[in-house]
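Numbering (the working numbering), first residue to last: 380 to 661.
All C-beta atoms in this analysis are idealised placements derived from N, C-alpha and C, irrespective of residue type, glycine included.
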Ligand code: HEC
C-alpha cells in the first residue's frame, strides 16, 4: 500500500516537474520580454482594435474583408509587388464563384507565347495562372524604386517577426521624424528618395506611403480609411501566406477532442481489465 502511494506521489511529482519545465520559458519570456533589436524605432507593432477575425483558436476568415484586401492588392500593391505563389484559382477561397474567378483572371495580363512563332506576348490570365510580376527582373525593379526591390508578398506575413501586425503597422507607419531626434542625430534625417516609417527596421523605407484615404473605392461600400485598407490588405496577405490557417486550427480542435475521448476510453478499459484484481496485501 505504502509503495503504491509512494509511486503515485512520485508520478505526480514528475508530472509537476515536467509541466513546470515546459511552462518555464514562456513564463520567463512574459516576465522579461525580449527586446527586438532590429526595430530601430518602434518596439511594438500596432494591431486593429479587437484583433483580426482569423486570430485565436476559434478564429475564422472574414471573406468580405479578404475580398476588400484583394481589391487593395490588385489596385495598389500589385503595381510594384508580385504574389508569385498564389494562383487565380485560389481566389475561390475568398468566396468567388468559378465564373467570377475566370473573369477575374482574365482581367490580368500574364506572360505567354505566340502560338505561331513562339515569341513572347502578353495574354489574359486563366484560373491556373499565377499572379504576374510587375517587373521583368530585379534590375528593372530597382530602377523604378530608388535601388530597392519590392519583395514578393506571398509569404511576407510569415517572413517578418509578428508579421501580421507588422504589415498592418508598416502601412500606417509613415510619419515625420521628431525634430528633437533629428537635432540629436543626423541618422534621423530622411535621405532623398526614402520615406520615414517608424516600423521599418532602419526607419527609412524606399516604398512611398501607399494607403492614402480613399485610394480605392470598395465594391462593398466600406469607407476606405487608411486603417481599414491596412487591415484588409493584411488579412488578404495572411490568407495568401497560409490559406489553410483556419483548417489547421479546426483540425487541431478535432484532434484534441479525439485524444480526450481516447484517454477516457483508455481509462475505462483499464478499469474493466483490472476490475477483478484485488491489491496485494503485504
Ligand atoms: C510604388 C511601388 C510600391 C507600391 C505600390 C507598394 N510597395 Fe511595398 N515596397 C516597395 C519597395 C520599393 C519596397 C522595399 C523597401 C525597402 O527595402 O526600402 C517595399 C517593401 C514592402 C514591404 C516589406 C517591408 C520590409 O519589412 O522589408 C511590405 C510588407 C510592403 N512593401 C507592402 C506593400 C503593400 C501591402 C502595398 C499595397 C498596399 C505596397 N507595398 C505597395 C514599393 C511599393
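Item checked: Assumed close pair residue 549, residue 576 - CB separation to whole angstroms, cut-off 8 Å -> 6 Å
Note to self: At a threshold of 6 Å, does residue 515 count as lining the ligand HEC (C-beta to nearest heavy atom)?
What the structure shows: no
Item checked: Collapsed DSSP secondary structure at residue 553 in the structure displayed -> strand
Notebook entry, point to check: Under the DSSP definition of a beta bridge, which residues are partnered with residue 509?
Noted result: 466
Next item on the list: To the nearest angstrom, report how far apart residue 540 and residue 579 are at their CA atoms.
Entry: 12 Å
Note to self: For residue 613, count the other beta carbons within 10 Å of its own beta carbon; 16 or more makes it buried, fewer makes it exposed. Which is it?
What the structure shows: buried
Next item on the list: Return yes when the C-beta of residue 585 is under 6 Å from any heavy atom of the ligand HEC, and no when it is not.
Entry: yes
Item checked: Continuous alpha helix (DSSP H) assignments of at least 4 residues falling wholly in the region 519 to 544 -> 535 to 538
Margin query: Could you compute how far the alpha carbon of residue 583 sits from the alpha carbon of residue 569?
Written below: 6 Å
Notebook entry, point to check: Measuring CA to CA, which of 526, 396, 450, 492 is closest to residue 598?
Noted result: 450
Margin query: Quick check on the burial criterion: 16 or more other C-beta atoms within 10 angstroms. Buried or exposed for residue 494?
Written below: exposed
Notebook entry, point to check: In chain order, what residues of the same chain have a beta carbon less than 8 Å from the beta carbon of residue 523, not counting five sequence neighbours either side?
Noted result: 459, 514
Check: Who pairs with residue 575 in a beta bridge, going by DSSP?
Finding: 583
Notebook entry, point to check: Under a three-way DSSP split, which group does residue 588 fall into?
Noted result: coil
Check: Measuring CB to CB, does residue 444 end up less than 7 Å from residue 557?
Finding: no
Next item on the list: Check whether the Cβ atoms of residue 455 and residue 470 sit closer than 7 Å, and answer yes or no.
Entry: no
Next item on the list: Given a cut-off of 7 Å, decide if residue 585 and residue 527 are closer than it, judged by their beta-carbon atoms.
Entry: yes
Margin query: Let me make sure I understand the geometry here. Which of 595, 542, 505, 623 has the alpha-carbon closest to that of residue 477?
Written below: 505
Margin query: I'd like to know if the region 635 to 654 and the region 480 to 490 are in contact, where contact means that at least 3 CB-CB pairs between them fall below 8 Å.
Written below: no
Note to self: Taking 6 Å as the cut-off, is the C-beta of residue 524 nearer than that to any heavy atom in the ligand HEC?
What the structure shows: yes
Notebook entry, point to check: Helix or strand or just coil, what does DSSP make of residue 561?
Noted result: helix
Notebook entry, point to check: Would the C-beta of residue 612 count as close to the ligand HEC, meaning under 6 Å from any of its heavy atoms?
Noted result: yes
Next item on the list: Put residue 381 into one of helix, strand or coil per three-state DSSP.
Entry: helix
Item checked: Contact belief for residue 424 with residue 545 at Cβ below 8 Å, rounded distance in angstroms -> 5 Å
Note to self: Among 637, 521, 595, whose alpha-carbon lies nearest the alpha-carbon of residue 609?
What the structure shows: 595
Notebook entry, point to check: What's the C-alpha gap between residue 463 and residue 492?
Noted result: 19 Å
Item checked: One or two residues paired with residue 455 in a DSSP bridge -> Its beta-bridge partners do not exist; DSSP assigns none.
Checklist line | Opposing strand residues paired with residue 502 [DSSP bridges] | finding: 489
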